[in-house]
Amino acid sequence: MKIFNKVGLKTQRVFVNTFRDRKDAGERLSALLVHYKKDKSALVLGLARGGAIVAHEIAKALLLPLNVIVPRKLGAPNNPELAIGAVAEDGETWLNDELIAIIGVSPPFIQEEIERQKKIIERRLQLYRKGAGLGDLKGKTVILVDDGIATGATMLVEIQHFRKMGSRIVVAAPVAAREPWLEIQKLADEAICLDVEETFYGISAFYESFSQVEDEEILSILQRH
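In the working numbering, the protein residues as written are 93 to 317.
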């Protein structure tokens, strides 16, 4: 496996192993983000649920504040696991127009799916953050963290979201599929991934332990920050 570290147009490659679990992945990523240690203008944001665990390790190592964000992918008709797009907590949407055209998804279905996912986002925001916003992040560095990037939909919608907020955007992920990662590299100010794969069979394949993350675990993490 190779480390892909985008700073401007530079790419760094180093061989690493698969990850024991999300904690291990976060610890390894934090070593490549050490230049943000104690940065008063930086904030670590984990994409719930799995990204929150990775983000916790990064925030702990870098002595940075942590919070969670709750984007939701938009599922295709009769195949909810296939992402045709994603929606962020502010209602910002990202759509995979090419895929939508190929499988023939209707605009009414897309709008219904957006509204359905927004309701889930609202419930999770209430649970994780008591409905509170993230504050004014204009000019701040947001380190967006997930436990892996398969389609890239949720990360891409968050890049759009925070770009509109005027934030400097850093994306950090242990593993990613090549095609969405190339798009993320173009859009983020800095993008760091430990392993970018041409052939991608799912995020869990790169972890020895990839258990379901429960809400209680996220709440416990947030209480420590």
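From the three backbone atoms N, C-alpha and C, an ideal C-beta is built for every residue, glycine too.
- Per the coordinates, the alpha-carbon of residue 196 lies some 47 Å from the alpha-carbon of residue 155.
- Residue nearest to residue 307 within the set 162, 208 and 135 is 162 (criterion: CA-CA distance).
- Note that the C-beta distance between residue 245 and residue 177 is below 7 Å.
- For residue 170, the number of other beta carbons within 10 angstroms of its own is below 16, and it is reported as exposed.
- Just so you know, the alpha carbons of residue 250 and residue 180 end up roughly 6 Å apart.
- Annotation: residue 263 to residue 236 spans about 5 Å, alpha carbon to alpha carbon.
- Under DSSP, residue 188 shares a beta bridge with no residue.
- Nearest Cα to residue 209 within the set 115, 297, 174 and 165: 165.
- In the three-state scheme derived from DSSP, where H, G and I count as helix and E and B as strand, residue 130 is classed as coil.
- Contact annotation: residue 266 and residue 279 have beta-carbon atoms that are not nearer than 7 Å.
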